[in-house]
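Participant:
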Amino acid sequence: MTDDATDTTGPDVPMVQLLTPAGERTTDPRWEPYRERAAHLDHGHVRDLWRDMVLVRAFDDEATSLQRQGQLGLWAQCLGQEAAQVGSGRALAPQDYVFPSYREHGVAHTRGVDLAEILRLFRGVDHGGWDGEAHRFHNYTLVIGSHTLHATGYAMGVQRDGVVGTGDPTVDTAVVTYFGDGATAQGDVNEALVFAAVNQAPLVLFCQNNQFAISETNERQFRVPVARRGEGFGVPGVRVDGNDVLASYAVTQEALERARSGGGPSLVEAFTFRMGAHTTSDDPTRYRTRELEQTWRDRDPIARVEAMLRREDGWDDAWAAQVREEAADLGARVRETVRSMPAPAAASMFDHVYATPHAILEDERAAFAEYESGFADGGAR
Amino acid sequence: MTTTSTSRAQVAPFPTGTTTLPLAKAITLAMRQALAEDPKVLVMGEDVGRLGGVFRVTDGLQAEFGEDRVVDTPLAESGIVGTAIGLAMRGYRPVLEIQFDGFIFPAFDQITTQLAKMHYRTSGRINLPIVIRVPYGGGIGAVEHHSESPEALFAHTAGLRVVSPSNPADAYRMLREAIASPDPVLFLEPKGRYWDKGPVEVAPLSLPVDGAPTAYAGIGHESLDRAVVARPGTDLTLVAYGPSVPVALAAAAAAAEEGRSLEVVDLRTVSPVDFPTVVASVRRTGRCVVVHEAPVFHGVGAEIAARVTEECFYSLEAPVLRVGGFHTPYPVAKIEHDYLPGLDRVLDAVDRSLAF
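Quick note, the sequences are listed as chains A and B, same order.
Sequential numbering of the first sequence, starting at 0, is according to numbering that gives the first Met the number 0.
Sequential numbering of the second sequence, starting at 0, is according to numbering that gives the first Met the number 0.
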């Protein structure tokens, strides 16, 4: 796929690929180490990955519909990026900690987050939505790139806790932060690379290069491919076919192992394509062609896994039908859950601003309560 | 890397009882004590380790507690605050130094959008007990960007506490309480007063047991909430904080020679503001002048004037006046004393208020 990649910013950067868009196993000897890392994934495992991606896409479709129906204020689709997210997410150990951006619904799924909870943020009933600590999956960060520094600091804490390089796979801990190609232009992402390198922090910087920062292409963000950006910071980088779930899994697993063993940070560039709009407020027809979109639909990350399983006699129609039914049920459940998410009480806006009482806030809370109580005798406002 | 050990290099014992210290060293002592009392406390910033900080406020701490706990960071303010947020999420208590007031703005997003809002965004699940120490204010003959007073920019942001001590005793106590607080605290240090000496009441050292700190239960929050009357008086209330408190006290002393009795309220905190103390004072005196180095336009003084007008309307004998910086960038050092609210400008405002 390297040969027919549409990007112009990194055509000379080798891209790890284990599955072609047609679902054939690659034979390039350069990727043998990654092939070995994915070798234990039998057809059952691969079917599980397919199921993950199908569920995530069903959720994503449902959320898009809910926005169109006025149930959500906004939705950011991950359509087309399921392999990068599920593959990397399934390489994580339970103790690893994830700092996502805001499109990582596939990773959220692999961390056991109830996908409906993600929609609390987009419905406007909660700024977070799930218990980040419980899932070791932090809340979404909407300011581009800011969270990469939080991940770096968290990894510095992991280091200080002595849970790096012990050799115990249930103890050694890595931190992963997800961001996009646009974020690589942010100062914070560059500072995260500096701090991670200087401290040799157990961090994986996972960049999904979906080729569009809303409307702007890679040429407007950088002149050195993302995978090579790490070199100047002393952080090894690798480019992987982000539409190949097996390669995404193997490459992430290698970076995680480096981090957990004390080998320091890594930068992964998962080259993929945002098949949908930036968000439901965006109109991609203004800045890209239908031909380009079709090119990438032909590289669909889910279809290629099905093709591989069929090719290798690992496909099971009855099972696939069952998964599709499960996906439909998920969509229905998400729909019901979201529609029944009430707006919080107005006075809840004063909660959790501070951990200790703050006199100004408490004055305002009391004044607001008094104001509201003026309507208690049946008057509407 | 292991830093949970509490073993330290052999150093001077901790002072006990009441001791006389310069303001800078009162701050050093508060950090040193926190580092000894809680293995999760970290000191981070540019040049805070080997050099001991450009003002030497962290002097000796790295030698005593090691490079993993007193951390020389890369020269990147956003990175300092951003990584501290991650460390705090992992259970650490970072005490950060931003080298100068004018260098804080590269970290503005991390402070106002990330640090201030994390507790809120996570419905209270995450506390970020981070202290950001900032030497601030003018009067030291510095080059540009080294003399600013950005407190109003941060006080305008919900989720932050913004405080500024005016003397060594408060500097010590307020920093101890700031480090103990589960909320993020912007701790503004009046760098022009770093070497003013005063008595400091040192809290007894409370060493951790089995690596767990025992001190926090005994540390209150009062100095982060409450103003103090630094000098009682009857004719007019001067409201000040940080480096302007010594100016206000000098103005009160000068006015006393002319038979005027000025009360000085040391706010200590600009977020929150202890309005009950201010209001009680102004209701008694009937007059109020607010003094700060920051520009008066949209400044802390404007907020105080509004609230005092609201709550003391029938007690006021004169409009609330403000004395502070002008709506200009901080000027060059050779004319900074015409910009700063010095003794003469404060007394001029006092005269105008009393003559109203």
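No residue lacks a Cβ here, since even glycine has one placed at the ideal position from N, Cα and C.
Since the structure is predicted, the reported quantities are computational estimates derived from the model, not experimental observations.
How big is the Cα-Cα spacing for residue 99(B) and residue 277(A)?
Facilitator: The straight-line gap from Cα to Cα measures roughly 39 Å.
Participant: Counting along the chain, where does the alpha helix (DSSP H) carrying residue 319(A) start and finish?
Facilitator: Its alpha helix (DSSP H) spans residues 316–338.
Participant: Can you give me the Cβ contacts of residue 247(B) inside the same chain, cut-off strictly under 7 Å, excluding the 5 residues immediately before and after it?
Facilitator: If we look at residue 247(B) and ignore the five residues flanking it on each side, its Cβ neighbours are 237, 239, 263, 290, 345.
Participant: Which residue spans inside the segment 267–335 of chain B form an unbroken alpha helix (DSSP H) run of at least 4?
Facilitator: Whole alpha helix (DSSP H) segments, 4+ residues: 274–284, 299–310.
Participant: Are residue 156(A) and residue 260(A) closer than 9 Å when you measure CB to CB?
Facilitator: Cβ atoms of residue 156(A) and residue 260(A): not closer than 9 Å.
Participant: Given a cut-off of 9 Å on the beta-carbon distance, is the pair residue 126(A) and residue 124(B) in contact?
Facilitator: Cβ atoms of residue 126(A) and residue 124(B): not closer than 9 Å.
Participant: How big is the Cα-Cα spacing for residue 296(A) and residue 367(A)?
Facilitator: Going by the C-alpha atoms only, they are around 53 Å apart.
Participant: Quick test of your reading: residue 358(A) and residue 224(B), contact by CB under 8 Å. State the CB separation rounded to the nearest angstrom.
Facilitator: About 6 Å; that satisfies the 8 Å criterion.
Participant: Please determine, among 274(B), 350(B), 352(B), the residue with the shortest C-alpha to C-alpha distance to residue 227(B).
Facilitator: The candidate whose alpha carbon is nearest that of residue 227(B) is 274(B).
Participant: What span of residues does the alpha helix (DSSP H) with residue 16(B) cover, start to end?
Facilitator: Segment 16–21 is the beta strand (DSSP E) holding residue 16(B); no alpha helix (DSSP H) there.
Participant: Report the neighbours of residue 224(B) on chain A: residues whose CB is nearer than 7 Å to its CB, in chain order.
Facilitator: Within 7 Å Cβ-Cβ: 358.
Participant: Given a cut-off of 9 Å on the beta-carbon distance, is the pair residue 55(A) and residue 104(A) in contact?
Facilitator: It is a contact, given that the beta carbons lie within the stated cut-off.
Participant: For residue 78(A) and residue 304(A), what's the separation of their Cα atoms in angstroms?
Facilitator: The alpha-carbon atoms of residue 78(A) and residue 304(A) are separated by roughly 16 Å.
Participant: State the CB to CB distance for the pair residue 54(B) and residue 134(B), rounded to an integer number of angstroms; the pair is presumed to be in contact (CB under 8 Å).
Facilitator: With a Cβ gap of about 6 Å, residue 54(B) and residue 134(B) count as contacting.
Participant: Is the beta carbon of residue 172(B) sitting closer than 9 Å to the one on residue 33(B)?
Facilitator: No.
Participant: What residue from 141(A), 154(A), 362(A), 121(A) has the CA that sits closest to residue 192(A)'s CA?
Facilitator: The option with the nearest alpha carbon to residue 192(A) is 154(A).
Participant: Per DSSP, which one or two residues make a beta bridge with residue 206(A)?
Facilitator: DSSP lists 178(A), 268(A) as partners of residue 206(A).
Participant: Quick test of your reading: residue 337(A) and residue 118(A), contact by CB under 8 Å. State the CB separation rounded to the nearest angstrom.
Facilitator: Right, the Cβ-Cβ distance comes to about 5 Å (below 8 Å), so this counts as a contact.
Participant: Of the residues that make up the segment 113–137 of chain B, which ones have a beta carbon closer than 7 Å to any beta carbon in chain A?
Facilitator: Within the segment 113–137 of chain B, the qualifying residues are 113, 118, 119, 120, 121, 122, 123, 124, 126.
Participant: Could you tell me the distance, in whole angstroms, from the CA atom of residue 13(B) to the CA atom of residue 37(B)?
Facilitator: Near 15 Å, if we compare the C-alpha coordinates of residue 37(B) and residue 13(B).
Participant: So with Cβ pairs under 9 Å, would you call residue 265(B) a contact of chain A?
Facilitator: No, its Cβ sits nowhere closer than 9 Å to a Cβ of chain A.
Participant: Under 9 Å between the Cβ atoms of residue 176(A) and residue 99(A)?
Facilitator: Yes, they are a contact pair.
Participant: Below 8 Å on the Cβ atoms is my contact criterion, and I expect residue 118(B) with residue 355(A) to pass it. Report the Cβ-Cβ distance as a whole number of Å.
Facilitator: Between residue 355(A) and residue 118(B) the Cβ distance is about 10 Å, and since that is not below 8 Å, they are no contact.
Participant: The alpha helix (DSSP H) spanning residue 78(B) covers which residue range?
Facilitator: Per DSSP, residue 78(B) belongs to the alpha helix (DSSP H) from 76–88.
Participant: List the endpoints of the continuous alpha helix (DSSP H) containing residue 418(B).
Facilitator: A question about residue 418(B) goes unanswered here, because the residues of chain B that appear run from 0 up to 355.
Participant: What first and last residue would you give for the beta strand (DSSP E) that runs through residue 197(B)?
Facilitator: Looking at the DSSP string, the run of the beta strand (DSSP E) that includes residue 197(B) is 196–201.
Participant: In whole angstroms, what is the alpha-carbon distance linking residue 3(B) and residue 190(A)?
Facilitator: In this prediction, residue 3(B) has a pLDDT of 44, which is less than 50 and means its spatial position is unreliable; nothing more can be read from the coordinates.
Participant: Run through chain A and tell me which residues come within less than 9 Å of residue 30(B), C-beta to C-beta.
Facilitator: In chain order: nothing, as chain A lies at least about 18 Å away.
Participant: Name, in chain order, the residues that DSSP records as bridge partners for residue 96(B).
Facilitator: Its beta-bridge partners are 44(B), 132(B).
Participant: Between the alpha carbons of residue 47(A) and residue 173(A), how many angstroms are there, rounded?
Facilitator: Rounded to the nearest angstrom, the two C-alpha atoms are 24 Å apart.
Participant: Anything in chain B within Cβ reach of residue 190(A), meaning under 8 Å, just list it in chain order.
Facilitator: Within chain B, the residues near residue 190(A) are 73, 75, 77, 78, 81.
Participant: Distance, Cα to Cα, residue 188(A) vs residue 145(A)?
Facilitator: Straight-line Cα distance between these residues: approximately 7 Å.
Participant: On the DSSP bridge list, what partners appear for residue 236(A)?
Facilitator: Per DSSP, 266(A).
Participant: Here's the rule I'm using: 16 or more other beta-carbon atoms within 10 Å means buried, otherwise exposed. How should residue 39(A) be labelled?
Facilitator: Burial call: exposed.
Participant: Leaving out five residues on either side along the sequence, give the residues of the same chain with a beta carbon under 6 Å from the beta carbon of residue 2(A).
Facilitator: Residue confidence is low: residue 2(A) scores 40 on pLDDT, short of 50, so the model does not pin down where it sits. Its coordinate-derived value is still stated next. Hits under 6 Å: none found.
Participant: Just how far apart, CA to CA, sit residue 109(A) and residue 116(B)?
Facilitator: One C-alpha to the other measures close to 27 Å.
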